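One structure is given here, and the rest of the page talks about it.
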Ligand code: SF4
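Numbering (my numbering), first residue to last: 72 to 500.
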């Protein structure tokens, strides 16, 4: 399917889309994330949860009950003070009680987004039902257009369904943003995807680089992983097309130095993500990502705070035992209620700035949880402190000779240094 053929399907004569203002305000996000269960109507070869989706016996495969999902939402709202939530499945549009869950989120002040492949939304009646239930917006994964998409997701005519879904979202004024995984194939279609985003009225587009997290660790088909520099030209052209049409563009998990100066404001790595109101709160994410919050079967864990890292002391209070990666305290395993109470009191008393907690947690995610690497060039780079470097798996395959030390004349420590210049949709704080 060409872009022209796609256009015939997504073109909406009677579109009725409201506009949104873009802003340079930056706050730490208050958006939580929930995984309802790894059940899906597609089978994308690069899915982070592919093994769990394939294996019906996997404890994270079945959807959890509405009652459990509501308890998680309640905790996000009233323990973590989140004001919005990304609901994921697998595929959340096929969760049997999805409309009740959306209504509940709205009742408690948690604006619900569904991260979806959009296939269900090809059905106009279903799109209307989501609108009626109170969906805030969809984050719609469009990894390519046409047969390429169908091959990636394993569904014949899947792309046709997506185009029909985009038409329905325009018709009923349901806001949506797009996610696009930067495979080699997608890299060739980025300009078409940006054009589609403009013509359908997407509010933002996230281009997401190779990041073999979760089930993809060590298994990703490397023949489909492009070099960052091979993506650069089309990626930057796509950003230009989007920004000329006042659409927010974000590039996630992409070394900042590979992008030209003008596009560094669009780069969101672990330290920048908390300043995007559509990304996840590291505090509540620390809890929801744990096994018991992702299964149908088990009782919920007690809420826990953001993991500390590289914080030996603050205002005379010693946090060293909590900040050492790999200790039982670090993972809050076998920690007594008293110890947890003590930690919370220490955090409150020391008045550790939220920005510092989130910056250090971002470093923990990059350095320890996902194995990002830096090289000799990075040592001479003025933004080294706010950059993740290269993903370890990527560096293993391609090396790091694409790194270019950035010279500013001073060492930059504020993660917002570039992104504060970006115009984006900023949800209510
Ligand atoms: S720290 Fe390294 S990877 Fe990051 S921008 Fe600088 S040179 Fe590039």
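Note that beta-carbon positions come from the ideal geometry of N, C-alpha and C, so glycine has one too. This structure is a prediction, so every number in the text was calculated from the model and none was measured.
Practice task
Go ahead and pull the three-state DSSP assignment for residue 343.
Solution key: coil
Problem - Sequence-distant residues of the same chain with beta carbon closer than 6 Å to residue 219, five excluded per side - result: These residues qualify, in order along the chain: 256.
Practice task
Report the three-state DSSP secondary structure of residue 279 (helix, strand or coil).
Solution key: It is a strand residue.
Exercise for the section: Please confirm whether residue 275 and residue 495 have their CB atoms less than 8 Å apart. Expected result: yes
Problem - Of the residues 282, 306, 114 and 308, the one placed nearest residue 296, counting alpha carbons only - result: 282
Problem - Beta bridge counterpart(s) of residue 157 as assigned by DSSP - result: 104 and 184
Handout entry: Nearest neighbour of residue 192, chosen from 162, 117 and 176 [CA to CA]
Key = 162
Practice task
Just list the alpha helix (DSSP H) runs in the region 293 to 317, keeping only unbroken ones of 4 residues or longer that don't cross its boundaries, in chain order.
Solution key: 299 to 315
Practice task
Let me know the beta strand (DSSP E) ranges lying completely inside the region 195 to 241, each 3 residues or longer, listed in chain order.
Solution key: Within the region 195 to 241, the complete beta strand (DSSP E) runs of at least 3 residues are 208 to 212.
Exercise for the section: Compute the distance between the beta-carbons of residue 153 and residue 224, then report whether it is under 8 Å. Expected result: In this structure, the beta-carbon distance from residue 153 to residue 224 does not fall below 8 Å.
Practice task
Confirm, please, whether the CB-CB distance from residue 456 to residue 479 is below 8 Å.
Solution key: Against a cut-off of 8 Å, the Cβ pair of residue 456 and residue 479 comes out as no contact.
Practice task
Would you grab the beta carbon distance between residue 221 and residue 258 for me? Rounded to a whole angstrom, and I think it's under 8 Å.
Solution key: Beta-carbon to beta-carbon, residue 221 and residue 258 are separated by about 18 Å, too far to satisfy the 8 Å threshold.
Practice task
With hydrogens ignored, establish whether the beta-carbon of residue 490 is closer than 7 Å to any heavy atom of ligand 1.
Solution key: no
Practice task
Below 7 Å CB to CB, which residues in the same chain sit around residue 436 once its five sequence neighbours on both sides are set aside?
Solution key: 341
Practice task
Can you tell me which of the three DSSP states residue 273 falls into?
Solution key: coil
Handout entry: Within 8 Å, strictly: CB atoms of residue 245 and residue 209
Key = Closer than 8 Å, so yes.
Handout entry: Between the CA atoms of residue 321 and residue 278 - distance to the nearest angstrom
Key = 6 Å
Problem - Cβ pair count under 8 Å reaching 3, the region 120 to 138 against the region 311 to 326 - result: no
Problem - Range covered by the beta strand (DSSP E) that runs through residue 251 - result: 247 to 252
Handout entry: Residues bridged to residue 94 [DSSP beta-bridge criterion]
Key = 495
Exercise for the section: For residue 445, verify whether its CB is less than 7 Å away from any heavy atom of ligand 1. Expected result: yes
Practice task
Report yes if the C-beta distance between residue 102 and residue 413 is below 8 Å; otherwise report no.
Solution key: no
Practice task
Return the chain-ordered list of same chain residues with a C-beta closer than 8 Å to the C-beta of residue 269, the five sequence neighbours on each side being excluded.
Solution key: 312, 313, 316 and 318
Exercise for the section: Taking only the alpha-carbon atoms, compute the straight-line gap between residue 195 and residue 216 and give it to the nearest angstrom. Expected result: 21 Å
Practice task
State the start and end residues of the unbroken beta strand (DSSP E) segment that holds residue 320.
Solution key: 319 to 323
Handout entry: Local Cβ density within 10 Å of residue 359, reported as buried at 16 or more and exposed below that
Key = buried
Handout entry: residue 475 CB to nearest heavy atom of ligand 1 below 7 Å
Key = yes
Problem - CB contact flag (residue 197, residue 175, <8 Å) - result: no
Handout entry: Minimum Cβ-Cβ distance from residue 488 to chain B less than 8 Å
Key = Among the protein chains of the structure shown there is no chain B, as only one such chain exists.
Handout entry: For residue 389, the residue or residues it bridges with in DSSP
Key = Per the DSSP secondary-structure output, residue 389 pairs in a beta bridge with 384.
Exercise for the section: With hydrogens ignored, establish whether the beta-carbon of residue 460 is closer than 7 Å to any heavy atom of ligand 1. Expected result: Shortest gap from the CB of residue 460 to any heavy atom of ligand 1: under 7 Å.
Problem - Closest Cα partner of residue 467 within the set 298, 127 and 497 - result: 298
Exercise for the section: Could you work out which residue in 243, 239 and 304 is closest to residue 260 when comparing CA atoms only? Expected result: 304
Exercise for the section: Give a single yes or no on whether residue 448 has its beta carbon closer than 7 Å to a heavy atom of ligand 1. Expected result: yes
Handout entry: Inter-residue Cα distance where the pair is residue 226 and residue 432
Key = About 38 Å.
Exercise for the section: Check each candidate in 375, 454 and 130 and name the one with the smallest Cα separation from residue 335. Expected result: 454
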